[in-house]
Structures are given as structure tokens and as C-alpha cells.
Amino acid sequence: KRTLPVVFDNVCIASELASIDCGNATSYREKLLAVLRRHLAAAKTKIEQDFYRNNDGSIYVGQHARCIDDLLILLHNEAVKFIPHSHDVAVIAVGGYGRGEMAPFSDIDVMFLMPAKANKKHEAAIEFMLYLLWDLRLKIGHSTRSITESIAAGRYDQTIMTSFLEMRYVCGNVALWIKLSTALRNEIGKNKPLTFVEKKLAERDLRHKRFDDTRYVVEPNVKDGKGGLRDLHSLFWIAKYAYRASSIVDIVKQGVLRDGEARKFALAQRFLWTVRCHLHLQAGRAEERLDFEAQMMIAPRLGFADRGGMRGVERFMKRYYLAVRNVGNLTRIFCAAMETDFRKSLKVWRPDFLRAHDLDPFRIESGRVRLLDNFLFRDSPARLIELFSIAHNHDADVHPNTLQRVTRSLSTLDSTTRNDTHTNRQFLEILTSRKNPERVLRLMNESGVFGRFLPDFGWIVGMMQFDMYHSYTVDEHTLKAIGILHDIESGVLRETVPV
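Just so we're on the same page, our numbering is the position in the sequence shown counted from 1, plus 977.
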């Protein structure tokens, strides 16, 4: 939590408006609009200057949201002056604006909460605010609902319910806001958390498929791509719905994340927000694709220079890929926590086949390998490789709880394990197997085991070659090449590459 400087000073603006003659409504509105335009432009310039100085996207999005808060409060106060019953309406921030996160060209999502018996005066107050916002050329996404209508809409539309999870009071009728918050908590309490979680993760998987289902493309989408900001948002929605958490601090207190993992969450989010703000400001619009031109512009602004045989832009992108990989690790940790806390498997990670094998100290249950609770990877780091050997040999996935334990035990995988003959044999058997090793090798890479066990491979994780001939990072290209070699050997590609 931090105190953000005031950039849109309502007190100063109110004193300036007080000197304007209110007798002529048209003239007053024009002068009001001129004052607002001037102060809003100055506020946005100040936020942008601060951002280029501190390079911290988390401060930018917070300052921007606060600026819009102050603008809406001022507009509501002006409506109260001239339109009866304006104070009956509550102005609620929803979506990204509700989270207090607004990129330079993000939409402003607002819900006007009406009393049960609304009248034309309430509608006039809302129109007064909306028309001024539109005249200020702001992109407004708005809805007008009563409490009953809000709950009904959330009950039947998952997207609306998700936006309500992030809603935040801005100004207006506080009592109405409190009633809505209470009604929403009661509505959520009636539902099973995992039903919501499964739907959100299914949405996430569909979104990933639209973006090639890999986080290692050379021109990634910072918002919607795999490991991007939307994945972090999904984790936060899940935490709010399943654990009633309102912040990362709450998630740590409930034991879902450790302090170090929470810091990784915050660092990944801050870095991605910084990149996204630079993207928007450079393009002058809501641009989410980090293309080659944008990479060249942003890398030096973030201090990435040529070093160690790598260009600055390549070092910048490696930092990006490591950040999005951390997002994947955090997702697995959430999965493990939910399976433990709610005592039920999430369908998203559950294969169609069922198995029950004992491979002491591992066990395969529902097609997933799990390390038994009374064994620790740090007592025998070689089991980190054995885990993936079993997953490969039995065509099994790895249980989220075990992947969480893998992530937390990487530091124990040292030269002793690397030099162990049996462990090396297991790894080579995966690599040269008659079964396609690409799936398990990618899982080893995603969990961090591959680069830790084979340090030379670790150097190329997240490394990109800055040219238009490569579609993926070096590690992803390597894994795909291994998969293609297997398909050639096994005859899958006989028609495509007969020679």
C-alpha cells in the first residue's frame, strides 16, 4: 500500500468553479467543461512525466484510477447542486477501474447504482455525468442497475459477476453501496467456489489457444497472452471468490501463498504493468501486442543495454519471459491450494483416464503423479527427475500440489544430483524415448527443473533472437525441434518429410 500524490485537485477546481455564474445553464456547462479539460490534461501529463521518471507501471495505473475517482466525485457534486435526488445514486467502479488499475488508454467501467424506485431525476443526474465524460473524450463502459437487477445480472452472467468481484465505491449513496456489497456476499456464499473457478480457468484456456497456447512467442500479447496480466487477474478473481480475499496480503494470511511467492506475484504484475503502460503511451492508443518495434523502443527506457553477448532488447525480452513463467508457477500453486482446501479435484487439470499405481514414494491417482506427503524433495533431490520420468513412462500429468512442491525445492537440485549416474540415465531415457518427450520436457522447463538440472539449457530459457525468422524463444524452439524429430522418427511426418 502506498500514498499516491493528488494530481486532480478537487478543492482547487471547486474554488475555480465557484466563480462561474450558474444563471445560464448552457454557458455554465461550457465553462465547466473547459475547466475540466484543462485540469484533466494537466493531471494526465503529470502522471505520464512521473512514470517516465520512475518506470513503475503499478504507480501509473493507481494514479490514473485515482485521477478518474476525483473527476467522478467532482461531477457527482456538480449534479447534486443542480439536479434533485442526485445524491440517491451511487457511482461504483467495476472491472479494471474497480481494481484501481487503469492503463493510459483503458476503458473506464462504471456502474450507476439506482434506488429500487428510480425516477427521471435519477436518470437526469446520470445523463449529466455521462455527457460530460463523453465530451471529455473518455472511453466509458457504463451500466445502470438497481441492487435486485445487479444480483440477477451477476447470477446469470459470469462476466458480470466477475466485474462485481472488483467493484469499488467511488461516490454517492453510501447506504445503497453497503446494501449491494452485503447482497453480493450473500449471493456468492450460496455457490460452490470450485464451480466459479472451473469456469474461469476454462475461459483462460480458450484465451490461451487464441494466442498459440505458449508464453514464449517473440511478439507476445502483454494483456491476454499466456502468462500475461489477464492470467494474474484470473488468479485474483479466484482468490476473491474462493477465499474472500481482498488483496495479496489476505492471500498470504490464509496460507495460499508464501511471502516469497506473494513478492513474485507483485513483481510480475509491476513489470507487466510497466511494459503495458509504455506500450499504450508509445502507440497513443490501447495497444497490447509487444511487437519488435515496441521492444526496441521500450528496452532502453527500462535500462536494458547490450551486455554479455546479448542485445539490450533480447535481455529485456528474457526478463519478460521469466516474469510470465512466474505467473504460470503461481497458477499451479493456486491449484494446489484449492485442491487441498476444498477437497476436490479441479476438472481443468483432470485427464479423461483414471489410474492408481503405487511407485513408492510416488502415487498415480486420476492420471496424475503425486509425491506422498511424508516425503520431501529436499531429502532426495534426485526424485525431481524421477517424478518426470514416471510421468513420461505412464503418460501421466503431475499433480498441482506436487508441482508446487517442485517449485519450492528447486534450490536443492545441485551438482551432486547432476552428477548422479542413475539420475542422468533417467533423463536420457526421457530424451531418447520411443514416446514423444516434448510434453514432459516442456513440463520440466515450465517448472524450472530442466534449466536447473542442465545449466546450459537454463541460459537459453526465455532467450529470444531478435529477428523475423524466429517465432519462439530459443528454449521453446529447442523443445519443438525435439518433438518434430520424434515425429520424423516415428513416421508421423512421413508424408510431409519423406526423405
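Beta carbons: idealized from backbone N, C-alpha and C, even for Gly.
Checklist entry - phenylalanine 1141 and valine 1071 look like a contact to me (Cβ under 8 Å); what is the Cβ gap, rounded to whole Å? => result Indeed, because the Cβ distance is near 7 Å, the residues count as touching under 8 Å.
Item to check | is_contact[lysine 1058, chain B] using C-beta, thresh 9 Å | outcome: No chain B is part of this structure, which consists of one protein chain only.
Item to check | Proximal residues to histidine 1016 (C-beta, below 7 Å), its chain only, five neighbours per side dropped | outcome: Hits under 7 Å: Phe985, Ile990.
Item to check | Residue from Ile1128, Phe1430, Lys1156, Phe1281 with nearest C-alpha to leucine 1405 | outcome: Residue nearest to leucine 1405 within the set Ile1128, Phe1430, Lys1156, Phe1281 is Phe1430 (criterion: CA-CA distance).
Next on the checklist: Quick check on aspartate 1335: does DSSP put it in helix, strand or coil?
Outcome noted: In the structure shown, aspartate 1335 sits in a strand (DSSP, three-state: E or B).
Checklist entry - Which ranges does the alpha helix (DSSP H) cover as unbroken runs of at least 4 residues, wholly within the segment 1378 to 1449, from first to last along the chain? => result Qualifying alpha helix (DSSP H) stretches, in chain order: 1392 to 1395, 1398 to 1408, 1415 to 1424, 1426 to 1430, 1432 to 1437.
Checklist entry - Are the beta-carbon atoms belonging to glycine 1075 and glutamate 1164 less than 9 Å from one another? => result Using a Cβ distance threshold of 9 Å, glycine 1075 and glutamate 1164 do not count as a contacting pair.
Checklist entry - Considering only the beta carbon of each residue, do alanine 1245 and leucine 1267 sit closer than 9 Å? => result The answer is no: Cβ separation not under 9 Å.
Checklist entry - Opposite arginine 1340 in the DSSP bridges: which residues? => result Asp1335, Arg1347.
Checklist entry - Nearest-angstrom Cα distance between valine 1476 and proline 1277? => result C-alpha separation (whole angstroms): 46 Å.
Checklist entry - Can you name, in chain order, every residue of its own chain whose Cβ lies under 6 Å from the Cβ of valine 1147, other than the five neighbours on each side? => result For valine 1147, the CB contacts under 6 Å within the same chain, skipping 5 residues up- and downstream, are Asp1046, Leu1049, Val1068, Ala1070 in chain order.
Checklist entry - Any idea what DSSP makes of aspartate 1046, helix, strand or coil? => result Correct three-state label for aspartate 1046: helix.
Item to check | histidine 1119 to valine 988 span [Cα, whole Å] | outcome: Each residue's alpha carbon lies about 26 Å from the other.
Checklist entry - DSSP three-state call for arginine 1278: helix, strand or coil? => result Residue state, collapsed to three classes: helix.
Checklist entry - By how many angstroms is the C-alpha of glutamate 1055 removed from the C-alpha of alanine 995? => result Alanine 995 and glutamate 1055: Cα-Cα distance of roughly 11 Å.
Checklist entry - For valine 1233, which option in His1064, Asn1413, Val1417, Met1315 has the closest C-alpha, if you only look at C-alpha atoms? => result The residue with the shortest Cα to Cα distance from valine 1233 is Met1315.
Item to check | Helix, strand or coil at glycine 1075 according to DSSP, with G and I counted as helix | outcome: Residue state, collapsed to three classes: helix.
Next on the checklist: Please classify tyrosine 1037 as buried or exposed, where buried requires at least 16 other C-beta atoms within 10 Å of its C-beta.
Outcome noted: Label assigned to tyrosine 1037: buried.
Item to check | Assigned secondary structure, aspartate 1086 (DSSP; H/G/I helix, E/B strand, else coil) | outcome: DSSP places aspartate 1086 in strand when its eight states are reduced to three.
Checklist entry - Any idea if lysine 1324 is buried or exposed, counting beta-carbon neighbours within 10 angstroms, 16 or more meaning buried? => result Residue placement at lysine 1324 cannot be trusted, given a pLDDT of 48 that sits under 50; what the coordinates show is reported in the next sentence. Counting Cβ neighbours within 10 Å, lysine 1324 comes out exposed, since fewer than 16 surround it.
Item to check | isoleucine 1024 to serine 1123 span [Cα, whole Å] | outcome: Taking C-alpha positions only, isoleucine 1024 is separated from serine 1123 by approximately 35 Å.
Next on the checklist: Which of the three DSSP states is assigned to cysteine 1312 in this structure?
Outcome noted: In the three-state DSSP reduction, cysteine 1312 falls in the helix class (H, G or I).
Checklist entry - In whole angstroms, what is the alpha-carbon distance linking phenylalanine 1293 and aspartate 1227? => result Looking at the two C-alpha atoms, the distance is approximately 32 Å.
Next on the checklist: I need the straight-line Cα distance from glutamate 947 to asparagine 1370, nearest angstrom please.
Outcome noted: Nothing can be reported for residue 947, as the shown portion of the chain is limited to 978 through 1476.
Item to check | Where the beta strand (DSSP E) through threonine 1121 begins and ends | outcome: Where threonine 1121 is concerned, the enclosing beta strand (DSSP E) stretches over 1117 to 1122.
Checklist entry - Smallest Cα separation from leucine 981: which of Ala1042, Arg1162, Ala1018, Tyr1005? => result The shortest Cα separation from leucine 981 among Ala1042, Arg1162, Ala1018, Tyr1005 belongs to Ala1042.
Next on the checklist: Rounded to the nearest angstrom, what separates glutamate 1472 and leucine 1456 at their Cα positions?
Outcome noted: The alpha-carbon separation between glutamate 1472 and leucine 1456 amounts to approximately 22 Å.
Next on the checklist: Within 8 Å, do at least three Cβ pairs link the segment 1197 to 1217 to the segment 1178 to 1187?
Outcome noted: Yes, they touch.
Next on the checklist: Assuming leucine 1109 and leucine 1013 are in contact, meaning their beta carbons sit under 8 Å apart, how far apart are those beta carbons, in whole angstroms?
Outcome noted: Between leucine 1013 and leucine 1109 the Cβ distance is about 7 Å, and since that is below 8 Å, they are a contact.
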